[in-house]
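K.L.:
Dumping the structure here so I can ask a few things about it.
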Amino acid sequence: MDDLTQTFIQESEELLTQMEDALLALEDEPGDEEQINSLFRAMHTIKGAAGIFGFDPVVDFTHPVETVLDQVRSGGRALDDELAGLLLQCKDHTAALVEQITGVGEIEATLLADGYTLLEQLTGQVQAPAVAADAAQEGVVEQEPVGPPHWLITLKFHPDALRNGIDPVSFIRYLGNLGDVVDLILHHDQLPGSDAFDPESCYLGFDIIFHSDASKQEIQAVFEFAEDDCDIRILPPAEIECAFEQMMDELPDDHTQRLGEMLLAVGAITEHELTGSLQQQTEQATAEAEAPVLPVGHILVEQKAVSRELVDKALDKQQKAKQKASHEASLIRVDSAKLGRLINLVGELVISNAAVKLRVEEQGLGELSELVAASEHLVEEIRDNALQLRMVQIGDTFSRFRRVVRDVSRDMEKEIELVITGGDTELDKTVVEKITDPLTHLVRNSLDHGIEMPQERLRAGKPAKGTLSLNAYHDSGHIVIQIRDDGAGLDATRIRAKAEAIGLVKPDQVLTDKEIYQLIFAPGLSTKDKASNLSGRGVGMDVVRRNIDALRGIIDIDSEPGTGTTVTIHLPLTLAIIDGFMVSARGERYIIPLSMVEECVEMEATAWQVDEDRRYVNLRGEVMPYLSLAEFLQIPHCHDDHRRESLVIVRIGHHKAGFVVDTLHGELQTVIKPLGRIFSGFRGISGSTVLGSGEVALILDVQGLIQAATAQMQLH
Amino acid sequence: MGLEIRQEQGTAFVDVQDEMTIYTAALQWEQLQPLLAQVKAVDMNLSAVSEMDSAGIQLLLALKQASDRLHNRFVLTAPAPCVEDLLQLLRLRSVLMPAEEAETDG
Numbered sequence: 001m002d003d004l005t006q007t008f009i010q011e012s013e014e015l016l017t018q019m020e021d022a023l024l025a026l027e028d029e030p031g032d033e034e035q036i037n038s039l040f041r042a043m044h045t046i047k048g049a050a051g052i053f054g055f056d057p058v059v060d061f062t063h064p065v066e067t068v069l070d071q072v073r074s075g076g077r078a079l080d081d082e083l084a085g086l087l088l089q090c091k092d093h094t095a096a097l098v099e100q101i102t103g104v105g106e107i108e109a110t111l112l113a114d115g116y117t118l119l120e121q122l123t124g125q126v127q128a129p130a131v132a133a134d135a136a137q138e139g140v141v142e143q144e145p146v147g148p149p150h151w152l153i154t155l156k157f158h159p160d161a162l163r164n165g166i167d168p169v170s171f172i173r174y175l176g177n178l179g180d181v182v183d184l185i186l187h188h189d190q191l192p193g194s195d196a197f198d199p200e201s202c203y204l205g206f207d208i209i210f211h212s213d214a215s216k217q218e219i220q221a222v223f224e225f226a227e228d229d230c231d232i233r234i235l236p237p238a239e240i241e242c243a244f245e246q247m248m249d250e251l252p253d254d255h256t257q258r259l260g261e262m263l264l265a266v267g268a269i270t271e272h273e274l275t276g277s278l279q280q281q282t283e284q285a286t287a288e289a290e291a292p293v294l295p296v297g298h299i300l301v302e303q304k305a306v307s308r309e310l311v312d313k314a315l316d317k318q319q320k321a322k323q324k325a326s327h328e329a330s331l332i333r334v335d336s337a338k339l340g341r342l343i344n345l346v347g348e349l350v351i352s353n354a355a356v357k358l359r360v361e362e363q364g365l366g367e368l369s370e371l372v373a374a375s376e377h378l379v380e381e382i383r384d385n386a387l388q389l390r391m392v393q394i395g396d397t398f399s400r401f402r403r404v405v406r407d408v409s410r411d412m413e414k415e416i417e418l419v420i421t422g423g424d425t426e427l428d429k430t431v432v433e434k435i436t437d438p439l440t441h442l443v444r445n446s447l448d449h450g451i452e453m454p455q456e457r458l459r460a461g462k463p464a465k466g467t468l469s470l471n472a473y474h475d476s477g478h479i480v481i482q483i484r485d486d487g488a489g490l491d492a493t494r495i496r497a498k499a500e501a502i503g504l505v506k507p508d509q510v511l512t513d514k515e516i517y518q519l520i521f522a523p524g525l526s527t528k529d530k531a532s533n534l535s536g537r538g539v540g541m542d543v544v545r546r547n548i549d550a551l552r553g554i555i556d557i558d559s560e561p562g563t564g565t566t567v568t569i570h571l572p573l574t575l576a577i578i579d580g581f582m583v584s585a586r587g588e589r590y591i592i593p594l595s596m597v598e599e600c601v602e603m604e605a606t607a608w609q610v611d612e613d614r615r616y617v618n619l620r621g622e623v624m625p626y627l628s629l630a631e632f633l634q635i636p637h638c639h640d641d642h643r644r645e646s647l648v649i650v651r652i653g654h655h656k657a658g659f660v661v662d663t664l665h666g667e668l669q670t671v672i673k674p675l676g677r678i679f680s681g682f683r684g685i686s687g688s689t690v691l692g693s694g695e696v697a698l699i700l701d702v703q704g705l706i707q708a709a710t711a712q713m714q715l716h
Numbered sequence: 001m002g003l004e005i006r007q008e009q010g011t012a013f014v015d016v017q018d019e020m021t022i023y024t025a026a027l028q029w030e031q032l033q034p035l036l037a038q039v040k041a042v043d044m045n046l047s048a049v050s051e052m053d054s055a056g057i058q059l060l061l062a063l064k065q066a067s068d069r070l071h072n073r074f075v076l077t078a079p080a081p082c083v084e085d086l087l088q089l090l091r092l093r094s095v096l097m098p099a100e101e102a103e104t105d106g
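Protein sequence lines correspond, in order, to chains A and B. Going by the UniProt record's numbering, the letters in the first sequence line up with residues 1 to 716, in that order. Going by the UniProt record's numbering, the letters in the second sequence line up with residues 1 to 106, in that order.
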């Protein structure tokens with residue numbers, strides 16, 4: 001049952017996200033039917049599912065919302081800005097309800113009260129024009145013109161249904177919330193003889209005559225949780241006649257009789273139709289030799305009891321639903337902890353494979369080396385595939401900001417458009433989770449401080465509508481995320497003044513604008529004169545910086561007064577296994593992430609115009625800082641000092657530096673093991689890995705080292 | 001808890017002192033199925049059934065069917081409210097409690 005609740009939570013989350021997306025999309029494209037349907041579906045499905053679980057507060061809240069959405073769907077109520085705003089709040093409220101009821105088991109009084117207020121706002125205006133509601137009703141009838149609203153629902157549960165936690169009765173009971181169960185036949189003819197009967201298998205089937213104004217989707221949604229364990233057939237009034245014939249073939253005689261009577265009783269078919277089609281079929285059955293039996297459906301169509309188009313339309317609709325279902329079925333939900341375990345195991349496999357390789361090399365087992373190379377290749381592929389499993393597109397994260405942008409622009413009366421590019425860029429799910437908060441902060445900053453009020457923008461000769469763009473792309477083993485606004489840009493003078501005020505820089509220090517911009521990542525620096533509703537609640541850019549640092553990423557800020565600000569974040573794609581490049585300095589081995597290595601050259605004082613004092617090299621005209629790993633990491637001297645040294649050029653974004661090392665060992669698959677907390681204050685090292693020999697090698701924190709090198713160069 | 005079974009003159013009186021759900025169905029079937037061949041009638045008192053789901057209903061239907069095949073009498077008495085509720089919902093009174101149905105009709 002717990003698994004089911006989990007599914008409920010997950011599905012609700014997804015549906016609510018869809019609802020939000022749909023609402024936002026509708027702002028751009030009002031009247032898009034598909035989106036309106038999606039809104040309705042979300043509320044409706046949650047209501048249905050909550051009903052099955054007995055989460056009454058959720059049902060009580062979603063039901064009126066659904067009603068309103070139904071009116072929107074049928075054109076009875078216009079989806080204006082106000083309604084859209086309310087519906088967004090309803091979405092949030094539903095999420096809160098689901099969270100509380102699945103977590104605590106009951107709903108706090110304040111939350112309930114909020115719900116009532118929302119509903120009042122929502123329906124307060126609906127009830128007035130009762131005409132609209134009537135019109136909605138008419139619309140429904142128009143679509144399904146034949147017969148009174150009696151549905152025929154046929155359920156055949158699979159043997160495993162009970163074992164899977166499905167209780168057929170609960171669905172039938174829940175149907176009662178949508179309408180009346182007029183009559184019901186329980187089929188137990190599939191029950192095997194008493195020796196073969198397994199009390200935990202399900203042998204039951206149901207035919208239900210159901211009186212309701214609900215739509216097929218609504219009824220269908222009731223059974224959503226049973227879909228895998230049940231054959232469900234829902235026949236709208238207009239299709240019952242056609243299906244009746246089919247059932248005559250499938251069901252034992254006495255049931256057909258009974259079903260016929262049932263349909264007759266509720267008026268889904270007329271007595272004349274019933275006897276007529278039964279008779280005609282029997283006649284044809286006897287004359288079978290001459291002509292194929294005409295299905296009763298055909299006969300009824302011929303008799304104009306139902307229209308051809310309607311049947312075709314229904315079939316078409318069913319087909320589409322099926323296609324959609326099969327698309328959904330091609331995805332599997334997997335517990336992310338399981339993936340984590342898999343990736344850990346792959347990591348161990350990488351290490352043990354490296355050990356095998358090393359041993360084979362040491363022992364000079366030439367014949368084996370080919371085998372080892374083959375298995376190494378396979379391990380690499382397994383590693384890539386395993387990591388790929390955890391890759392998700394960043395688009396979903398970006399889309400969340402639609403809501404943020406919308407709400408902020410309303411609140412602040414700014415006009416802002418969000419442009420998303422590169423949403424299909426993939427990165428590790430664990431990284432995505434950790435990047436959301438910093439991103440939110442940056443986006444809010446841009447909205448709040450970056451983009452100006454419309455009048456101000458017009459005065460500056462810019463379009464009244466501001467643009468915030470989110471962009472993502474891959475760059476040499478990194479994902480690059482950019483948040484760009486076309487706002488006022490950063491005010492270097494104000495930042496500097498503030499930095500001087502808190503003693504961050506000295507008044508006589510010469511700083512470029514770019515350096516000043518970087519200051520906003522320092523703790524305690526806020527140029528805001530007053531904290532606004534959005535940002536400035538004590539969480540500053542320094543926290544953003546720390547978050548990004550923790551992900552081994554870097555953050556850069558670029559700004560042009562009057563034109564806008566761009567924040568660029570470089571993040572490693574994964575936090576688990578990387579291709580590394582092994583070097584050693586004074587006998588100690590270090591790993592540099594291969595993706596950051598630009599090139600390796602010999603350290604030649606004359607060729608690269610090494611400036612030993614100011615610590616920079618001029619590499620074919622490009623000046624960059626360098627640092628000696630041995631010195632920086634304070635590795636004790638050992639006897640084979642002063643051999644030939646090499647310079648490894650590393651790059652992140654447009655920051656470059658050279659590391660001086662003794663030996664280059666080459667590429668190596670590296671499983672990143674986090675360092676214990678005791679090393680957390682350790683500069684220059686970001687993790688460790690276990691080598692094939694069992695030795696530990698430290699992974700260099702390239703970003704930290706580049707910063708240190710740059711600082712060193714500037715100091716002199 | 002569980003089933004209290006006593007046999008008197010070829011009739012098995014079964015007092016269900018438990019829920020009748022997917023959790024208990026297997027055990028209850030195990031106890032009741034062999035009984036059917038030993039007696040001529042089964043009288044199940046359902047007054048103390050605390051909860052019933054589809055598996056419980058299905059168990060009753062299977063017992064009824066097996067009894068019918070053996071030409072045994074199968075009687076349900078004093079259904080608890082939760083049982084009554086299900087019988088109503090699933091229109092099963094006429095199937096499972098035909099005698100009483102006739103009585104109330106008469």
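Glycine included, each C-beta is placed from N, C-alpha and C at the ideal position.
I want to verify the contact list: residues of chain A whose CB lies under 8 Å from the CB of leucine 89 (chain B), in sequence order.
P.N.:
If you number the second sequence from 1, residue 89 (chain B) lands on position 89. Result: Val169, Ile172, Arg173, Val181, Leu184.
K.L.:
Flag this pair as yes or no: are the beta carbons of glutamine 38 (chain B) and glutamine 9 (chain B) separated by less than 9 Å?
P.N.:
What you label residue 38 (chain B) is simply residue 38 of the second sequence in a count that begins at 1. What you label residue 9 (chain B) is simply residue 9 of the second sequence in a count that begins at 1. Cβ distance not < 9 Å, so glutamine 38 (chain B) and glutamine 9 (chain B) don't count as in contact.
K.L.:
Since tyrosine 626 (chain A) is in the beta strand (DSSP E), which residue starts that stretch and which ends it?
P.N.:
On the first sequence, position 626 is the one that residue 626 (chain A) refers to. Looking at the DSSP string, the run of the beta strand (DSSP E) that includes tyrosine 626 (chain A) is 622 to 628.
K.L.:
Please list, in chain order, all residues of the same chain as glutamine 35 (chain A) whose beta carbon is under 7 Å from its beta carbon, the five residues on each side excluded.
P.N.:
Residue 35 (chain A) sits at position 35 when you count from the first residue of the first sequence. Only Ala22, Ala25, Leu26 meet the Cβ criterion.
K.L.:
Please list, in chain order, all residues of the same chain as aspartate 424 (chain A) whose beta carbon is under 7 Å from its beta carbon, the five residues on each side excluded.
P.N.:
Reading the first sequence from its first residue, position 424 is the one you call residue 424 (chain A). Contacts found: Gln393, Gly395.
K.L.:
Given this structure, state the Cα-to-Cα distance separating valine 182 (chain A) from alanine 221 (chain A), to the nearest angstrom.
P.N.:
What you label residue 182 (chain A) is simply residue 182 of the first sequence in a count that begins at 1. What you label residue 221 (chain A) is simply residue 221 of the first sequence in a count that begins at 1. When rounded, the distance between both Cα atoms is 20 Å.
K.L.:
Kindly indicate if chain B contains any beta-carbon less than 9 Å away from that of arginine 227 (chain A).
P.N.:
Along the first sequence, read from residue 1 onward, the residue named residue 227 (chain A) stands at position 227. Note that residue 227 (chain A) is glutamate in the sequence shown, not arginine. Output row for glutamate 227 (chain A): interface = no.
K.L.:
Is it true that the CB of isoleucine 435 (chain A) sits closer than 9 Å to the CB of leucine 490 (chain A)?
P.N.:
Here the question's residue 490 (chain A) lines up with position 490 in the first sequence. Here the question's residue 435 (chain A) lines up with position 435 in the first sequence. No.
K.L.:
Determine the extent of the beta strand (DSSP E) in which valine 544 (chain A) is found, giving its start and end residues.
P.N.:
Looking up residue 544 (chain A) in the first sequence gives position 544. Note, valine 544 (chain A): premise wrong, no beta strand (DSSP E); alpha helix (DSSP H) at 541 to 550.
K.L.:
For lysine 506 (chain A) and glutamate 500 (chain A), I'd like the C-alpha separation in whole angstroms.
P.N.:
Here residue 506 (chain A) is taken as the residue at index 506 of the first sequence, counted from 1. Here residue 500 (chain A) is taken as the residue at index 500 of the first sequence, counted from 1. About 6 Å.
K.L.:
Name the chain A residues that come within less than 7 Å of aspartate 53 (chain B), Cβ to Cβ?
P.N.:
Position 53 of the second sequence, counted from the start, is the residue given in the question as residue 53 (chain B). What aspartate 53 (chain B) touches in chain A: Asp167, Val169.
K.L.:
Mind checking if leucine 3 (chain B) is an interface residue toward chain A, Cβ cutoff 9 Å exclusive?
P.N.:
Here residue 3 (chain B) corresponds to residue number 3 of the second sequence, with the count starting at 1. Not one chain A Cβ lies under 9 Å of leucine 3 (chain B).
K.L.:
For chain B, check one thing: does any of its Cβ atoms lie closer than 9 Å to the Cβ of glycine 51 (chain A)?
P.N.:
Translated into the one-based positions of the first sequence, residue 51 (chain A) becomes position 51. Glycine 51 (chain A) does not count as touching chain B.
K.L.:
Quick check on DSSP: helix, strand or coil for serine 595 (chain A)?
P.N.:
What you label residue 595 (chain A) is simply residue 595 of the first sequence in a count that begins at 1. Looking at serine 595 (chain A) - three-state DSSP - the assignment turns out to be helix.
K.L.:
Thinking C-beta only, is histidine 158 (chain A) closer than 9 Å to aspartate 231 (chain A)?
P.N.:
Looking up residue 231 (chain A) in the first sequence gives position 231. Looking up residue 158 (chain A) in the first sequence gives position 158. Cβ atoms of aspartate 231 (chain A) and histidine 158 (chain A): closer than 9 Å.
K.L.:
Whether or not the segment 702 to 716 of chain A and the segment 14 to 24 of chain B are in contact is what I'm after, with contact meaning three or more pairs of Cβ atoms, one per stretch, closer than 8 Å; do they touch?
P.N.:
Verdict: no, contact absent.
K.L.:
Would a check of beta-carbon distances place valine 49 (chain B) closer than 9 Å to chain A?
P.N.:
Residue 49 (chain B) sits at position 49 when you count from the first residue of the second sequence. No - not a single Cβ of chain A is within 9 Å of the one on valine 49 (chain B).
K.L.:
Touching or not, the segment 608 to 628 of chain A and the segment 689 to 699 of chain A, by the rule of three or more beta carbon pairs under 8 Å?
P.N.:
In short, these stretches do not touch, since the Cβ pair count stays below three.
K.L.:
With which residues is cysteine 202 (chain A) paired in a DSSP beta bridge?
P.N.:
Here residue 202 (chain A) refers to the residue found at position 202 of the first sequence. DSSP, once it has assigned bridges, lists no residue as partnering cysteine 202 (chain A).
K.L.:
Chain B partners of tyrosine 203 (chain A), CB-CB under 7 Å?
P.N.:
Mapped onto the first sequence, residue 203 (chain A) falls at position 203. Ordered by position in chain B, the residues that pass the 7 Å Cβ test against tyrosine 203 (chain A) are Gln58.
K.L.:
Quick one: list the residues of chain A neighbouring residue 121 (chain B), beta-carbon separation under 7 Å, in chain order.
P.N.:
In the structure displayed, chain B extends from 1 to 106; residue 121 (chain B) sits before or after that span and is not available.
K.L.:
For chain B, is any of its Cβ atoms less than 9 Å away from the one on alanine 132 (chain A)?
P.N.:
By 1-based counting over the first sequence, the position of residue 132 (chain A) is 132. With a pLDDT of only 35 at alanine 132 (chain A), under the threshold of 50, the placement of this residue in the model should not be trusted, and no figure is reported.
K.L.:
Any Cβ of chain B within less than 9 Å of the Cβ of arginine 163 (chain A)?
P.N.:
Counting from one through the first sequence, the residue named residue 163 (chain A) turns up at place 163. With 9 Å as the cut-off, arginine 163 (chain A) counts as an interface residue toward chain B.
K.L.:
Assuming lysine 656 (chain A) contacts glutamate 604 (chain A) (C-beta within less than 8 Å), just tell me the rounded distance between them.
P.N.:
Sequence index remark: in the first sequence, residue 656 (chain A) carries index 656 (1-based). Sequence index remark: in the first sequence, residue 604 (chain A) carries index 604 (1-based). Contact flag wrong, Cβ pair sits at about 18 Å.
K.L.:
Would you kindly check if the distance between the Cβ of isoleucine 420 (chain A) and the Cβ of asparagine 471 (chain A) is under 9 Å?
P.N.:
Counted from its first residue, the first sequence places residue 471 (chain A) at position 471. Counted from its first residue, the first sequence places residue 420 (chain A) at position 420. Yes; because the gap between Cβ atoms is below 9 Å, this pair is in contact.
K.L.:
Expressed to the nearest angstrom, what Euclidean distance is found between the alpha-carbon atoms of glycine 364 (chain A) and leucine 345 (chain A)?
P.N.:
Translated into positions along the first sequence, residue 364 (chain A) becomes position 364. Translated into positions along the first sequence, residue 345 (chain A) becomes position 345. One C-alpha to the other measures close to 28 Å.
K.L.:
Count the CB pairs spanning the segment 62 to 80 of chain A and the segment 39 to 47 of chain A that are closer than 8 Å, and state whether there are at least three.
P.N.:
Cβ pair count under 8 Å is three or more, so yes.
K.L.:
Could you work out which residues of chain B lie near glutamate 200 (chain A), taking near to mean beta carbons separated by less than 8 Å?
P.N.:
Stepping through the first sequence from its first residue, residue 200 (chain A) is reached at position 200. Residues of chain B passing the Cβ test: Ile22, Ala25, Ala26, Ala55.
K.L.:
Per DSSP, what kind of secondary structure is proline 572 (chain A) in: helix, strand or coil?
P.N.:
Residue mapping note: residue 572 (chain A) aligns to position 572 of the first sequence, counting from 1. DSSP places proline 572 (chain A) in strand when its eight states are reduced to three.
K.L.:
Could you list the residues in the segment 367 to 385 of chain A with a C-beta less than 9 Å from some C-beta on chain B, going in chain order?
P.N.:
Cβ contacts with chain B come from no residue of the segment 367 to 385 of chain A.
K.L.:
With DSSP as the reference, label glutamine 125 (chain A) as helix, strand or coil.
P.N.:
As a working mapping, residue 125 (chain A) is identified with position 125 in the first sequence. Only weak support exists for where glutamine 125 (chain A) lies, its pLDDT of 45 falling under 50; the value from the coordinates is given anyway. Coil, per DSSP.
K.L.:
Consult DSSP for alanine 22 (chain A) and reduce its assignment to one of helix, strand or coil.
P.N.:
In the first sequence, residue 22 (chain A) corresponds to position 22, counting from 1. Of the three classes helix, strand and coil, the one that applies to alanine 22 (chain A) here is helix, per DSSP.
K.L.:
Determine the burial state of lysine 64 (chain B): buried for a count of at least 16 other Cβ atoms within 10 Å of its Cβ, exposed for fewer.
P.N.:
Walking along the second sequence from the start, residue 64 (chain B) turns up at place 64. That one is buried.
K.L.:
Suppose you measure from the CA of isoleucine 635 (chain A) to the CA of tyrosine 590 (chain A); what does that come to, to the nearest Å?
P.N.:
Counted from its first residue, the first sequence places residue 635 (chain A) at position 635. Counted from its first residue, the first sequence places residue 590 (chain A) at position 590. Approximately 12 Å between the Cα atoms of the pair.
K.L.:
May I ask you to report which of helix, strand or coil DSSP gives methionine 412 (chain A)?
P.N.:
The residue given as residue 412 (chain A) occupies position 412 in the first sequence. Helix, per DSSP.
K.L.:
Taking residue 778 (chain A) as part of the alpha helix (DSSP H), name the residues at either end of that continuous run.
P.N.:
No answer is possible for residue 778 (chain A): the residues shown for chain A start at 1 and end at 716.
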